[in-house]
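Chemist: Chains as they are written, first to last, in my numbering: chain U, 1 to 286; chain F, 1001 to 1286; chain Z, 2001 to 2286; chain L, 3001 to 3286.
Protein chains: 4
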Amino acid sequence: MHRGRRYVLTLSCPDRVGIVARVAAFIADRGGWIVEASHHSDAENGRFFLRQEVRADSLTVSYDELVAAFGPIAEEFGMEWRITDTAVRKRVVLMVSKQEHCLYDLLSRWQSGELDVEIPCVVSNHETLRGVVEWHGIPFHHVPADPADKQPHFDEVSRVLADAKPDCIVLARYMQILPPEVCSAHPGKIVNIHHSFLPSFVGARPYHQAYARGVKLIGATCHYVTPELDAGPIIEQDVIRIDHSDQVDDYVRYGKDIEKTVLARGLRFHLDDRVLVHGNKTVVFS
Amino acid sequence: MHRGRRYVLTLSCPDRVGIVARVAAFIADRGGWIVEASHHSDAENGRFFLRQEVRADSLTVSYDELVAAFGPIAEEFGMEWRITDTAVRKRVVLMVSKQEHCLYDLLSRWQSGELDVEIPCVVSNHETLRGVVEWHGIPFHHVPADPADKQPHFDEVSRVLADAKPDCIVLARYMQILPPEVCSAHPGKIVNIHHSFLPSFVGARPYHQAYARGVKLIGATCHYVTPELDAGPIIEQDVIRIDHSDQVDDYVRYGKDIEKTVLARGLRFHLDDRVLVHGNKTVVFS
Amino acid sequence: MHRGRRYVLTLSCPDRVGIVARVAAFIADRGGWIVEASHHSDAENGRFFLRQEVRADSLTVSYDELVAAFGPIAEEFGMEWRITDTAVRKRVVLMVSKQEHCLYDLLSRWQSGELDVEIPCVVSNHETLRGVVEWHGIPFHHVPADPADKQPHFDEVSRVLADAKPDCIVLARYMQILPPEVCSAHPGKIVNIHHSFLPSFVGARPYHQAYARGVKLIGATCHYVTPELDAGPIIEQDVIRIDHSDQVDDYVRYGKDIEKTVLARGLRFHLDDRVLVHGNKTVVFS
Amino acid sequence: MHRGRRYVLTLSCPDRVGIVARVAAFIADRGGWIVEASHHSDAENGRFFLRQEVRADSLTVSYDELVAAFGPIAEEFGMEWRITDTAVRKRVVLMVSKQEHCLYDLLSRWQSGELDVEIPCVVSNHETLRGVVEWHGIPFHHVPADPADKQPHFDEVSRVLADAKPDCIVLARYMQILPPEVCSAHPGKIVNIHHSFLPSFVGARPYHQAYARGVKLIGATCHYVTPELDAGPIIEQDVIRIDHSDQVDDYVRYGKDIEKTVLARGLRFHLDDRVLVHGNKTVVFS
Chain U
1 MHRGRRYVLT
11 LSCPDRVGIV
21 ARVAAFIADR
31 GGWIVEASHH
41 SDAENGRFFL
51 RQEVRADSLT
61 VSYDELVAAF
71 GPIAEEFGME
81 WRITDTAVRK
91 RVVLMVSKQE
101 HCLYDLLSRW
111 QSGELDVEIP
121 CVVSNHETLR
131 GVVEWHGIPF
141 HHVPADPADK
151 QPHFDEVSRV
161 LADAKPDCIV
171 LARYMQILPP
181 EVCSAHPGKI
191 VNIHHSFLPS
201 FVGARPYHQA
211 YARGVKLIGA
221 TCHYVTPELD
231 AGPIIEQDVI
241 RIDHSDQVDD
251 YVRYGKDIEK
261 TVLARGLRFH
271 LDDRVLVHGN
281 KTVVFS
Chain F
1001 MHRGRRYVLT
1011 LSCPDRVGIV
1021 ARVAAFIADR
1031 GGWIVEASHH
1041 SDAENGRFFL
1051 RQEVRADSLT
1061 VSYDELVAAF
1071 GPIAEEFGME
1081 WRITDTAVRK
1091 RVVLMVSKQE
1101 HCLYDLLSRW
1111 QSGELDVEIP
1121 CVVSNHETLR
1131 GVVEWHGIPF
1141 HHVPADPADK
1151 QPHFDEVSRV
1161 LADAKPDCIV
1171 LARYMQILPP
1181 EVCSAHPGKI
1191 VNIHHSFLPS
1201 FVGARPYHQA
1211 YARGVKLIGA
1221 TCHYVTPELD
1231 AGPIIEQDVI
1241 RIDHSDQVDD
1251 YVRYGKDIEK
1261 TVLARGLRFH
1271 LDDRVLVHGN
1281 KTVVFS
Chain Z
2001 MHRGRRYVLT
2011 LSCPDRVGIV
2021 ARVAAFIADR
2031 GGWIVEASHH
2041 SDAENGRFFL
2051 RQEVRADSLT
2061 VSYDELVAAF
2071 GPIAEEFGME
2081 WRITDTAVRK
2091 RVVLMVSKQE
2101 HCLYDLLSRW
2111 QSGELDVEIP
2121 CVVSNHETLR
2131 GVVEWHGIPF
2141 HHVPADPADK
2151 QPHFDEVSRV
2161 LADAKPDCIV
2171 LARYMQILPP
2181 EVCSAHPGKI
2191 VNIHHSFLPS
2201 FVGARPYHQA
2211 YARGVKLIGA
2221 TCHYVTPELD
2231 AGPIIEQDVI
2241 RIDHSDQVDD
2251 YVRYGKDIEK
2261 TVLARGLRFH
2271 LDDRVLVHGN
2281 KTVVFS
Chain L
3001 MHRGRRYVLT
3011 LSCPDRVGIV
3021 ARVAAFIADR
3031 GGWIVEASHH
3041 SDAENGRFFL
3051 RQEVRADSLT
3061 VSYDELVAAF
3071 GPIAEEFGME
3081 WRITDTAVRK
3091 RVVLMVSKQE
3101 HCLYDLLSRW
3111 QSGELDVEIP
3121 CVVSNHETLR
3131 GVVEWHGIPF
3141 HHVPADPADK
3151 QPHFDEVSRV
3161 LADAKPDCIV
3171 LARYMQILPP
3181 EVCSAHPGKI
3191 VNIHHSFLPS
3201 FVGARPYHQA
3211 YARGVKLIGA
3221 TCHYVTPELD
3231 AGPIIEQDVI
3241 RIDHSDQVDD
3251 YVRYGKDIEK
3261 TVLARGLRFH
3271 LDDRVLVHGN
3281 KTVVFS
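1) So the alpha helix (DSSP H) tyrosine 2211 of chain Z belongs to, where does it begin and stop?
2) List the residues of chain L that methionine 1104 of chain F touches, going by C-beta distances under 8 Å, in chain order.
3) Under 8 Å between beta-carbons, which chain Z residues line up against threonine 3282 of chain L? List them in chain order, please.
4) Give me whichever residues DSSP pairs with isoleucine 1027 of chain F in a beta bridge.
5) At the 8 Å Cβ level, is histidine 3278 of chain L part of the contact set with chain U, yes or no?
6) Quick one: does histidine 40 of chain U have its CB under 8 Å from some CB of chain F?
7) Measuring alpha carbon to alpha carbon, tell me which of L/Ser3286, L/Asn3192 and L/Ala3264 ends up nearest isoleucine 3169 of chain L.
8) Counting only beta-carbon separations shorter than 8 Å, does glutamate 76 of chain U have a partner in chain L?
9) Quick check: the Cα distance between glycine 2018 of chain Z and tryptophan 1033 of chain F, rounded to an integer number of angstroms?
10) Distance check for leucine 2129 of chain Z and glutamine 2099 of chain Z, CA to CA, integer angstroms please.
11) Between isoleucine 169 of chain U and chain L, is there a C-beta pair that is closer than 8 Å?
12) DSSP has glutamate 2080 of chain Z in a bridge; who is on the other side?
13) Quick one: is serine 1012 of chain F buried, meaning 16 or more other Cβ sit within 10 Å of its Cβ, or exposed?
14) When burial is assigned at 16 or more other CB atoms within 10 Å of the CB, is leucine 2229 of chain Z buried or exposed?
15) Please identify, using Cβ separations under 7 Å, the residues of the segment 2217-2237 of chain Z that lie next to chain L, in order along the chain.
16) Tell me whether tyrosine 3254 of chain L sits in a helix, a strand or coil according to DSSP, three-state version.
17) Give the straight-line distance between the Cα atoms of isoleucine 177 of chain U and glycine 3219 of chain L, rounded to the nearest whole angstrom.
18) Count the other CB atoms, across all protein chains shown, that sit within 10 Å of the CB of valine 291 of chain U; report buried if there are 16 or more and exposed otherwise.
19) Which residue from L/Glu3036, L/Asp3057, L/Glu3076 and L/Tyr3007 puts its Cα closest to that of valine 3022 of chain L?
20) Could you compute how far the alpha carbon of aspartate 340 of chain U sits from the alpha carbon of leucine 2161 of chain Z?
21) How big is the Cα-Cα spacing for arginine 1016 of chain F and glutamate 2080 of chain Z?
22) If you run the structure through DSSP and keep just helix, strand and coil, what is valine 3061 of chain L?
23) Does the beta carbon of serine 2286 of chain Z sit closer than 8 Å to a beta carbon anywhere in chain F?
24) Exposed or buried, asparagine 45 of chain U, counting other C-beta atoms within 10 Å across all chains shown (16 or more means buried)?
25) Helix, strand or coil for arginine 159 of chain U per DSSP?
26) Got a sec, what are the start and stop residues for the alpha helix (DSSP H) arginine 2130 of chain Z sits in?
27) Does any CB atom of chain L fall closer than 8 Å to the CB of serine 2200 of chain Z?
28) Return the CA-CA distance between glutamate 134 of chain U and cysteine 121 of chain U, expressed in angstroms with no decimal places.
29) Indicate whether at least one CB of chain C lies closer than 8 Å to the CB of tryptophan 2033 of chain Z.
30) At a CB-CB cut-off below 9 Å, which residues of chain F make contact with glutamate 44 of chain U?
31) Does any C-beta atom of chain L lie closer than 8 Å to the C-beta of alanine 21 of chain U?
32) Counting only beta-carbon atoms, is valine 2239 of chain Z nearer than 8 Å to chain L?
33) Can you tell me whether DSSP reads arginine 5 of chain U as helix, strand or coil?
34) Counting contacts by CB-CB distance shorter than 8 Å, is isoleucine 3027 of chain L in contact with chain U?
35) Around the C-beta of proline 3199 of chain L, are 16 or more other C-beta atoms found within 10 angstroms, so that it is buried, or is it exposed?
36) Take phenylalanine 154 of chain U as the anchor and find which of U/His136, U/Arg213, U/Val275 and U/Val182 has the nearest alpha-carbon.
Rendered as structure tokens:
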């Protein structure tokens, strides 16, 4: 990345006086130059959230030393925390079906370096998109799904995901509902794009539902996948205006534009460690 | 209005070849200069919708003659139709509770002439807003509502509305659910602003519901009131972005801005005869 | 297209009574089923604009007979007009430089059939994007540009364009200023995406200009190319919010999302014959 | 305010290691509970910006002691800084002309307590809006402006402003260009709403300019007033979509909605000490 190597500290803990002072002193004592800092106090839940980006080359200690030294502070304050290193590229598995708009969009960002990750493979229940994926030099796994018995599909998907060791799994219009065992094997790592402005129009054929209700805007929602369908923590949403002259296939067409944009934004927030989950809600330090 | 007097023809009917030709010939034969024309063919339902604005001074016939002459065409094509005269100011009753944002917004538009209507009265279950209404020279009816028995309130509201002979009743954050008998006494004339992006968050305290779900945008919906709560045909909607740092009272504050804008737009569409209802959906020739 | 073959009539002429009646009768007399109709009266310039989509299979005459029969009406009313046939796919040449975001976006739409055109070739002053273009089976012409003398580049571009016989030329971040002779050889056919909200920030490095001025939104503009730089008729625009934490490279990244969306929308309007140009302005029947 | 009394520290200074640590320790040592914290490092200019809200009741020292104790730190780091007390209501003078939309909008917010300020007076070059201002119990100063010689107007305006001792002066569609001596008497305190998306359409009749250029969105800009016309630091902007069917008077009508919203947002940012100016740009900790 053009901005140089940084270590990204994210944490949340019960709120109290002195957290920022303690963390900031910890960083400053090791020469750390903070290039971006975001804080949030959730008054309702009494919880504090923090994200700080520190220039790696400003620190007098190594990454491992930094992590080790922070442990006691984290323990004292009861923090959930992590420190990531922007020099370590994340591994992102893409799961797709037949529609190409989200895949092309992500591949375009990946080609340009904007999406600066490893893509160990693309997984799909159809062969449709093999060509463009392989042209980009990315392995493509076709895992057919038998509508009468999807378990073999999900078993194979589980094996492929286990092999890929992903930091993140993107359901880029994958169109299958992941069973609980797959969800729970990758907690907080599965990012989905749902083609409605949740909580409106959960489940199948949301554009048809929107058309039937006569709404004047349609939307898309990027969220973490949990076992409950379309009910996970929301990362990002957006909408687009439609009118009475639009039919369902127009909704689909407009919707693609908002889906790929919302997915790309939400995924970026996730990969930049800008999303902190608490309960079923997210803090997004965008 | 600066654009001169116009007659506005709106109609819907089963779609078939030749409707536009017939209507356009009817207008042209009487010298009518069409300043705005909108058509919509609903392929799914096989229904056609039309709205045309004709300069009154271009016509060789009077309003009454125009209406009389159009009758046979309407009958032939099975049209639901009306012709309104922009020189006849509509009568709009406002119903409010304690919150002033929508009321001030409408009064500002009324003072400037943008909202070019008669306001026979404002009705409220609270005294709060009497002063500013009466300062504008508009009668204010305080009709208290007893939470234990609201029927007397609604009976009195019904009487006030019957006296006012409104073309339109605006629920400008009135905060009471109108009983079916009031709804059915003014079909297609009651316009409400609901403070959520319907169909999400129907009913009470939608901002609290939105906060609990963790959405990233909140919205407002202007719709016709029908006996089923918050389920009437939608006229207009819009949204505004919020984030994790916003609490429910911030939602309320942001929400006011979107509520008054959406209500004003939806009301204008209604008053300009730009909204044609079919089933539970609207065609809005904006 | 899923909606069946249609003939699209677009016209503009001096406004007067009876135009719609005459056109509608012409269509109806030949059995024409109008599936979409849009009209606009420009009161300031006294000019009338019309677009009608007619189902081809509803007409009792052929395309050629329809065109021939309409000639006398057009002459009588002094119309600029055309009738296009949606069964004839348009030929669209893409011109690119090194950036892939607009190209990938258009290719994705083309793969899915949403962008239902012939792409005879992609032209570029760099080799960068050859691979993905050729993988899609589209010829790629690399025409190098010598900064010291660009005339040979433009001469070769002119030859390639002449061979391609394009109905439309899309400058998808081509980054070169076309000389007047190329512009005038393809009047009303060259569509550009400029990475600012015109008329702000004409010319080079608009994101740097926007950063220097401290605006709170950045935009993109899809417009027809005329010999005057970035001054042609605007087809479509949109904006995206940025804030003080964003640097120029963030503007570039956000900007790409809005550029590709605005270009795709503007191009679709153009290809669907929804854009009527009058002077330096457009009527867009979206 | 519902959130209790807070002290708001805002500062900017040359960026270096340890600023946050020092400030956070200073607050924590006095028991300060930080309810909101925002930081920004401007890499290009090497400048650091900070805003922190501290609960007054958490501090072991008084406001005066806090301010006095911070002085040495500010000096050491070369800070521009201030600490404001949310219990001290700011004094805001409104300047208007004949148009009521921004005034009504601000009065509505003031009535509801959302705009929690003193309004010592409203100043206008017309009598038009006296009634509604005085009904709200606010003094109204009519200061006529002679187009042939505006100096007496500005002299009287200067006297009124000097008497009012404003913390902020809002040009709520005041429509006069303040002379340099008025601007320089209230540096950083005069907030204007300009009815275009600056830097497009500086000066008079921006909607006419927008119409002539054929843009597809119109906007409004809230900015600080400096002697150079419409060139001061931008606080907030937004846009609204228009199309070919809209005439200049439609632009004016749509524009009012965006003007009042943008002004209200920008003013709130200013009054909450969320805007830090550096050169001709703003950092807005929204």
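Using N, Cα and C, we set each Cβ at its ideal position, and we do this for glycine too.
Modeler: Based on what the coordinates show:
1) 2206-2213
2) Position check: residue 1104 of chain F holds tyrosine in this sequence, whereas methionine was assumed. What tyrosine 1104 of chain F touches in chain L: Tyr3104, Asp3105, Leu3107, Ser3108 and Gln3111.
3) What threonine 3282 of chain L touches in chain Z: Gly2214 and His2244.
4) In the DSSP output, where bridge partners are listed per residue, isoleucine 1027 of chain F has none listed.
5) no
6) yes
7) L/Asn3192
8) By this cut-off, glutamate 76 of chain U is not an interface position.
9) 8 Å
10) 8 Å
11) no
12) Z/Ser2012
13) Counting Cβ neighbours within 10 Å, serine 1012 of chain F comes out buried, since at least 16 surround it.
14) exposed
15) Leu2217, Pro2233, Ile2234, Glu2236 and Gln2237
16) helix
17) 43 Å
18) Limits of chain U in this structure are 1 at one end and 286 at the other, which puts residue 291 of chain U out of reach.
19) Checking the sequence shown, residue 3022 of chain L turns out to be arginine, not valine. Of the listed residues, the one whose Cα sits closest to arginine 3022 of chain L is L/Glu3076.
20) Residue 340 of chain U cannot be examined here, being either before or after the span of chain U that is shown, 1 to 286.
21) 28 Å
22) coil
23) no
24) exposed
25) In this structure, arginine 159 of chain U counts as helix in the three-state DSSP scheme.
26) Looking at the DSSP string, the run of the alpha helix (DSSP H) that includes arginine 2130 of chain Z is 2130-2135.
27) Residue-level contact by beta carbon holds for serine 2200 of chain Z and chain L, with a gap shorter than 8 Å.
28) 10 Å
29) Although the question refers to chain C, the structure presented lacks it and instead comprises the protein chains U, F, Z and L.
30) Near glutamate 44 of chain U (Cβ distances below 9 Å), the residues of chain F are Tyr1211, Gln1247 and Val1248.
31) yes
32) yes
33) coil
34) yes
35) The residue in question, proline 3199 of chain L, is buried, as its Cβ has 16 or more Cβ neighbours within 10 Å.
36) U/Val182
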